[in-house]
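Visitor: First, the structure itself, so that you have it in front of you.
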Amino acid sequence: MSFTLVLAQVKAVLDSVTGIGLTYDFPRWAADVTTQKSLFVTGGKLHVWMIERTSAPSEASVNNDIYRSHVFTLWGFYELDDSAASEKTFQQLCDDIC
Numbered sequence: 205m206s207f208t209l210v211l212a213q214v215k216a217v218l219d220s221v222t223g224i225g226l227t228y229d230f231p232r233w234a235a236d237v238t239t240q241k242s243l244f245v246t247g248g249k250l251h252v253w254m255i256e257r258t259s260a261p262s263e264a265s266v267n268n269d270i271y272r273s274h275v276f277t278l279w280g281f282y283e284l285d286d287s288a289a290s291e292k293t294f295q296q297l298c299d300d301i302c
């Protein structure tokens, strides 16, 4: 499968998770606070997920087929709120994604 197709499927999984927040199919970066808020904050809370392909090793077979493995890293950021035990919420969200 092509990178584009696999990436769309990974993003679809993220988007299907309840409470996922914002999702992007590539790493997003911003130098100023206004842009950061528009990219990473939803519902007044920092909550964003980004997908990055970190490798795509290929292997040829005897009959010249090419087998490729796509390895993705999911970057999740969630605003801390100790009084609400937000770490538990974030960890459950990680399990829901998996």
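Numbering (the working numbering), first residue to last: 205 to 302. Note that beta-carbon positions come from the ideal geometry of N, C-alpha and C, so glycine has one too.
Assuming Phe-244 and Phe-281 make a contact with CB atoms under 8 Å, what is their CB distance in whole Å?
Guide: Numbered from 1 along the sequence shown, position 40 holds the residue referred to as residue 244. Numbered from 1 along the sequence shown, position 77 holds the residue referred to as residue 281. Yes, they are in contact, since the Cβ atoms of Phe-244 and Phe-281 sit about 7 Å apart, within 8 Å.
Visitor: In this structure, does DSSP put Ala-234 in helix, strand or coil?
Guide: Within the sequence shown, residue 234 is the residue found at index 30, counting from 1. Looking at Ala-234 - three-state DSSP - the assignment turns out to be coil, as it is neither helix nor strand.
Visitor: Can you check whether the CB of Ala-260 is closer than 7 Å to the CB of His-274?
Guide: Position 70 of the sequence shown, counting from 1, holds the residue named residue 274. Position 56 of the sequence shown, counting from 1, holds the residue named residue 260. The answer is yes: Cβ separation under 7 Å.
Visitor: Between the Cα of Gly-223 and the Cα atoms of Thr-246, Thr-258, Asn-268, which residue gives the shortest distance?
Guide: Counting from one through the sequence shown, the residue named residue 223 turns up at place 19. The shortest Cα separation from Gly-223 among Thr-246, Thr-258, Asn-268 belongs to Thr-246.
Visitor: Within the same chain, show all residues whose beta-carbon is closer than 7 Å to that of Pro-231, passing over the 5 residues directly before and after it, in chain order.
Guide: Start at 1 with the first residue of the sequence shown, and residue 231 comes out as number 27. Only Met-254, Glu-256, Trp-279 meet the Cβ criterion.
Visitor: Is it buried or exposed, Gly-248, if we count other Cβ atoms within 10 angstroms and call 16 or more buried?
Guide: In the sequence shown, residue 248 corresponds to position 44, counting from 1. Under this definition Gly-248 is an exposed residue.
Visitor: Once the 5 residues before and after Val-210 are set aside, which same chain residues still bring their CB inside 7 Å of it?
Guide: Position 6 of the sequence shown, counting from 1, holds the residue named residue 210. Cβ neighbours of Val-210 beyond the five flanking positions: His-274.
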